[in-house]
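Under the working numbering, think of the first position of the sequence shown as 152, with each following residue one higher.
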Amino acid sequence: MRTLIRSATVVDGTEQPRYGAHVLLDGARIAEISRDGGTPPGADRVIDADGLVLAPGFIDMHAHSDLQILTAPEHLPKITQGVTTELLGQDGLSYAPVDDAALAMLRKKIAGWNGDPAGFDFSWRSVGEYLDRLDEGIAGNAAYLVPHGVVRALVLGWDDVPATAADITAMQRIVRSGMTEGAVGLSAGLTYTPGMYADSAELLALCRTVAELGGFFAPHHRSYGKGALEAYAEMIDLSTRSGCALHLSHATMNFGPNKGRAGELLALLDRAVDAGTDISLDTYPYLPGATTLSAVLPSWSSAGGQDATLARLRNPDDLARIREDLEVHGSDGCHGVVAEWDTIEISGVTRPELDDTVGRTIAQLARAQRRAPFDVFVDILLRDDLGTGILQHVGHEENVRAIMRHPRHTAGSDGILVGAKPHPRAWGTFPRYLGHYARDLGLLTLEECVGHLTGRAAARLRLRDRGLVRPGYTADLVLFDPATVAATTTFEHPKQQAAGIPYVFVNGEAAVADGARTDAMAGRALRRRPGGDVT
């Protein structure tokens, strides 16, 4: 199939000025770009793009579609906003590599991120087998990070124990195997158990292994609240000492202690970059964060996994200690900040009898039930078997705007796709950047914004032939109307298709045509190859 996209305004992902052209696709590739007005011959289909921008497909650098990309194959949240590639395996917790025991634990532990679909076939165990499953048919492309928390659990279990030299060697072997099978780097979740039990020496050794293989380290670091700058500094130091490229996941400055402090973070990054450290970052263009309700718990109470945590929530002595950590000292699970119950909103539950809690904060539920907020918090955790998803309303607009303008910035939705009222960033991140922040507020030019969403991310992933509009490159492309592109999602109605994106191509096939999802399933796993490039 040869498709001619006629009279497009090409914004090619390099951040150079836009230009007018006819663009010919031949199968999965961009065959020709005609800028002199001549129309390439031999097209089987012609799309009139007059007034539309043709850009590379958007790259989501922080996605939680690990199961939804398989269980909901139409993948509407991502495909309809122009995302053609996602980076999975985030925050140190995902589904490969695993053994039977680790998989059983993970299915419960991160059900609030991914669901736990009954009857689903989890027959893979290795990273390579998971990528093979993706290749059986997905809507968009996906790259994968080896999740550190799972690697640690495979060697040391889920408890707070130090890693010996032999343990670290075993973890390095698992990371090397996962990257040899196609993973592009290593993620970490250092406010989640068991990843938070790792010290810097353990992480440094693993980063050195990743560096040897040409990958990068993508940490959810130890704090986004109290101690955030110190947590960022630790990750930068790891990158500098190991020689491993660093990609800072959802690099925000949230919670009360960090209001107006984005400039301090950016100065820290700039000093490191100027000294030669390879750093990039991603953010989402919204103020609230999203995670699981159980993530708010102090780390000691989560040691040993789900059953141990639930037992502690039923033990009066443990419960008193948890309450003191949350409401007096500040839980490490809540980024060292004392729990602010009016900022924690239920976004999704696994038990239907809890549906009426969705869309309400812990404080609102406590007032309605005439109970203490902590008691409501514990009750929901117990009744929902720790599977509850939440929004945390802890962001600051001035920080969001400052960070998105940094020259090492890329976009990551951090989108959780399950739950009745997930964060609207799952459906709206990329059109919100283009519409609200670039067009309406003028914080970025169109060329800069597209570069943030495409070319910069492709360079970090080392994608050999994606992320730009160039002859010979794979035809992962988006056609959008720069005057109308917008996120239509709201916190009240978060599952709505973006406006102004009539066409999306994945590997040359139209996944969205005339604004409607087609039945195309042209995506595939993107694998690291020997030498580090990804195809």
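Just so you know, even glycine gets a beta-carbon here, dropped at the ideal spot from N, CA and C. Quick caveat: nothing in here was measured; it's all calculated off a predicted structure.
key: Residue(s) in a DSSP beta bridge with H173   = S185
message = Suppose only complete runs of 4+ residues qualify. What are the alpha helix (DSSP H) ranges in the segment 379 to 442, listed by chain order?
response = 379 to 393, 413 to 425
task = Could you say if the segment 505 to 514 and the segment 400 to 409 meet the contact criterion of at least three C-beta pairs nearer than 8 Å?
result = no
ask   = Taking the alpha-carbon positions, what's the G682 to G336 distance?
value = 13 Å
Own chain partners of N550 with C-beta closer than 6 Å, once the 5 adjacent residues on each side are dropped = M404, A413
query = Among residues of its own chain, excluding the 5 on either side of S245, which ones have a beta-carbon nearer than 6 Å to its beta-carbon?
reply = D217, P298
key: Selection from I261, I220, I652, R552 that minimises the alpha carbon distance to T443   = I261
key: Segment limits, beta strand (DSSP E) that includes E660   = 660 to 664
query = Going by the beta-carbon positions, is the gap between G164 and K229 smaller than 8 Å?
reply = no
task = Would you be able to state if there are at least three C-beta pairs under 8 Å between the segment 237 to 255 and the segment 590 to 602?
result = no
request  = Below 6 Å CB to CB, which residues in the same chain sit around G346 once its five sequence neighbours on both sides are set aside?
outcome  = G243, H299, G300, A339, G340
inquiry  = Threshold first: 4 residues or longer. Then list the alpha helix (DSSP H) segments lying entirely within the segment 590 to 658, N to C.
reply    = 597 to 604, 606 to 612
query = Whole alpha helix (DSSP H) runs in the segment 298 to 333 with 4 or more residues, listed along the chain?
reply = 299 to 307, 316 to 331
request  = Find out if the Cβ-Cβ distance for the pair G618, A608 is shorter than 8 Å.
outcome  = yes
ask   = What residue from G188, E166, P168 has the CA that sits closest to L175's CA?
value = G188
task = Output yes or no for whether 8 Å exceeds the beta carbon distance between Y584 and L604.
result = yes
ask   = Among residues of its own chain, excluding the 5 on either side of Y170, which ones have a beta-carbon nearer than 7 Å to its beta-carbon?
value = V161, R186
Delimiting residues of the beta strand (DSSP E) encompassing Q700 = In the structure displayed, the chain extends from 152 to 686; residue 700 sits before or after that span and is not available.
task = Could you work out which residue in D199, V312, H398, P313 is closest to L296 when comparing CA atoms only?
result = H398
key: Simplified DSSP state of Y295, which is helix, strand or coil   = strand
ask   = Where DSSP assigns a beta bridge to A339, which residues make up the other side?
value = P370
task = Grab me the residues of K259's own chain with a C-beta within less than 6 Å of its C-beta, minus the 5 sequence neighbours each way, in chain order.
result = Q457
inquiry  = Quick check on H226: does DSSP put it in helix, strand or coil?
reply    = coil
task = Flag this pair as touching only if the segment 360 to 378 and the segment 389 to 397 have three or more C-beta atom pairs under 8 Å; answer yes or no.
result = yes
query = Do I554 and H547 have their CB atoms nearer than 8 Å?
reply = no
ask   = Measuring CA to CA, which of T625, P436, A676 is closest to H401?
value = P436
ask   = When the Cα atoms are used, what is the spatial distance from V234 to S390?
value = 29 Å
ask   = Counting Cβ pairs, one atom from each stretch, are 3 or more of them under 8 Å apart for the segment 475 to 492 and the segment 372 to 379?
value = yes
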